[in-house]
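Residue numbering for the sequence shown follows the numbering used here, starting at 13 and increasing by one per position.
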Amino acid sequence: MGYINKKRHELLDLLSDNFIKFNSDNTDSDFKLGVSFGELGASLNLSRDEVELVLAKLYEQKEVQYTNADLVGVHLTAKGASSLTDERYLNLERENNLRDLEAKLAQSNLDTNKISVRNSNTSIFIGVVTGVALIVQILLPFFNSKENEIEKIENKIEVVSKKNTTLEKRFDSLISVHHEVKIDTIRN
Numbered sequence: 013m014g015y016i017n018k019k020r021h022e023l024l025d026l027l028s029d030n031f032i033k034f035n036s037d038n039t040d041s042d043f044k045l046g047v048s049f050g051e052l053g054a055s056l057n058l059s060r061d062e063v064e065l066v067l068a069k070l071y072e073q074k075e076v077q078y079t080n081a082d083l084v085g086v087h088l089t090a091k092g093a094s095s096l097t098d099e100r101y102l103n104l105e106r107e108n109n110l111r112d113l114e115a116k117l118a119q120s121n122l123d124t125n126k127i128s129v130r131n132s133n134t135s136i137f138i139g140v141v142t143g144v145a146l147i148v149q150i151l152l153p154f155f156n157s158k159e160n161e162i163e164k165i166e167n168k169i170e171v172v173s174k175k176n177t178t179l180e181k182r183f184d185s186l187i188s189v190h191h192e193v194k195i196d197t198i199r200n
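The structure is reproduced here in structure tokens:
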């Protein structure tokens, strides 16, 4: 029964009307101190065993007291009335719920972290592969254009080289003609 502290508060509240009447001397001739176990079970929608489970802590803390004078059941003590006013058991219930929630949240975070680590590793891998693909996609045209530029430059060098060869041949032929003319001039 995860809501046991809430049931303890409800039980103290149920006993409080009887306690107030008894302490105010505003009682009828048929007034009975306390509430029977059967009435407690019916009002709280609990079995007799569950009522005893709820009462165990209240007995221990001396917040209720067993009675068999006018009926077989329990009645509220001054300490029990104080616990009711302070909402002691509601506060304990809230604390338990908060601890449970924190534990669930911590477990959820652990599970999320495990998934995150797996997803993180996968994300890193996908990121690296995507990055490499983008770099190749970006640089490939650059390298292709550089290869084209290199081919153009090689072609220009080849053309210049052919022109140079042609010019050298012309120069050689001019020099040769010039030598022949000079030799002929000297011979004459």
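Cβ coordinates follow ideal geometry from the N, Cα and C atoms, glycine included.
By the 10 Å Cβ neighbour count, where 16 or more other Cβ atoms means buried, how is Asn30 classified, buried or exposed? For the purposes of this step, residue 30 is taken as residue 18 along the sequence shown, with counting starting at 1. Buried, by the Cβ-count rule.
8 angstroms Cβ shell around His87 - same chain, five flanking residues per side excluded: One-based indexing of the sequence shown puts residue 87 at position 75. Leu27, Asn30, Phe31, Phe34, Leu45, Gly46, Val47, Val76, Gln77 and Thr79.
Ignore the nearest five residues each way along the sequence and tell me which others in Glu180's own chain have a CB closer than 8 angstroms to its CB. Against the sequence shown, residue 180 aligns to sequence position 168. For Glu180, where only same-chain residues beyond five positions count, there are no Cβ hits under 8 angstroms.
Taking Ala54 as the reference, which of Glu72, Glu22 and Lys69 has the closest Cα? The count along the sequence shown starts at 1 and reaches residue 54 at position 42. The candidate whose alpha carbon is nearest that of Ala54 is Glu22.
Within a Cβ cutoff of 7 angstroms, which residues of the same chain sit near Phe7, ignoring the five residues on either side of it in sequence? Not covered by the structure: residue 7. The range shown for the chain is 13 to 200.
Using a Cβ-Cβ cutoff of less than 6 angstroms, which residues in the same chain neighbour Asn108 once the five nearest sequence positions on both sides are dropped? Start at 1 with the first residue of the sequence shown, and residue 108 comes out as number 96. No residues qualify anywhere along the chain.
Where do the N-terminal and C-terminal ends of the alpha helix (DSSP H) with Gly92 fall, by residue? One-based indexing of the sequence shown puts residue 92 at position 80. Ala90 to Thr97 is the span of the alpha helix (DSSP H), which, as asked, contains Gly92.
Let me know if Glu72 comes out buried or exposed under the rule of 16 or more other beta-carbons within 10 Å of its beta-carbon. Residue 72 sits at position 60 when you count from the first residue of the sequence shown. By the neighbour-count rule (16 or more Cβ atoms within 10 Å), Glu72 is not buried but exposed.
Let's see if you can read the secondary structure: which residues bound the alpha helix (DSSP H) around Tyr6? For residue 6 there is no data in the structure shown, the boundaries of the chain being 13 and 200.
If you draw a straight line from the alpha carbon of Glu166 to that of Thr178, how long is it in whole angstroms? Position 154 of the sequence shown, counted from the start, is the residue given in the question as residue 166. Position 166 of the sequence shown, counted from the start, is the residue given in the question as residue 178. When rounded, the distance between both Cα atoms is 18 angstroms.
Assuming Asp25 and Leu96 form a contact by the criterion Cβ under 8 angstroms, report the distance between their Cβ atoms to the nearest whole angstrom. Translated into the one-based positions of the sequence shown, residue 25 becomes position 13. Translated into the one-based positions of the sequence shown, residue 96 becomes position 84. At roughly 6 angstroms, the Cβ-Cβ gap stays under 8 angstroms, so Asp25 and Leu96 are in contact.
Throw me the rounded Cβ distance for the Leu56 and Lys18 pair, which I believe falls under 8 angstroms. As a working note, residue 56 is residue 44 in the sequence shown. As a working note, residue 18 is residue 6 in the sequence shown. Not really, about 10 angstroms apart at Cβ, beyond 8 angstroms.
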